[in-house]
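Beneath this line is the structure, given in structure tokens, with notes to follow.
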């Protein structure tokens, strides 16, 4: 399965009787209901991640944030890959676990962020994720399957984090 982005209408919907690991993978990949948004599910997934970060991610010490992101990447790659197979798409639009990983990557270097900083991280991540400049777009071809679905969002998060770090270094409140 190619890692190319495929955000058109999903070819199929999974059967209603999915059970076990298939059901779990699909729910995790969609971040439960966020990926089912009829409008901009990726943005909704990113917004959920940005809203939860000040309580679930940022309070952790840096080492734990890195560990959490690694676990999220691995678990997300498994869930995204399995969901892609179930949905018959390379990169289904309803799979938004990659947006959570990318959004939290954008916030990784910061122990705290002001509400403006959270908003800036959200906007910067979405810009890099949607436009896919340079390494973000190139990263889409690095891996196939679940890791391929996840990696471009992580690279977009790294780019957003770099811009946020520069803004902070310049003395702007983040």
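In this note's numbering, the protein residues as written are 12 to 185.
The C-beta atom is built at its ideal place from N, Cα and C for all residues, glycine as well.
First and last residue of the uninterrupted alpha helix (DSSP H) at residue i
i           : result
residue 97  : 73 to 98
residue 127 : 126 to 142
residue 48  : Premise fails: residue 48 is in no alpha helix (DSSP H) and is neither H nor E.
residue 122 : Looking at the DSSP string, residue 122 is not in any alpha helix (DSSP H), and its letter there is neither H nor E.
residue 148 : 146 to 150
Collapsed DSSP secondary structure at residue i in the structure displayed
i           : result
residue 102 : coil
residue 114 : helix
residue 58  : helix
residue 107 : coil
residue 41  : coil
residue 184 : coil
Distance between residue j and residue i (C-alpha atoms, nearest Å)
i           : j           : result
residue 108 : residue 128 : 22 Å
residue 126 : residue 120 : 16 Å
residue 71  : residue 132 : 18 Å
residue 85  : residue 153 : 16 Å
residue 97  : residue 33  : 8 Å
residue 180 : residue 173 : 10 Å
residue 40  : residue 83  : 11 Å
Contact under 9 Å by Cβ, residue i with residue j
i           : j           : result
residue 135 : residue 112 : no
residue 130 : residue 64  : no
Meets three-Cβ-pair contact criterion under 8 Å: the segment 79 to 92 and the segment 149 to 169: yes
Contact between the segment 163 to 180 and the segment 140 to 153 (3+ Cβ pairs under 8 Å): yes
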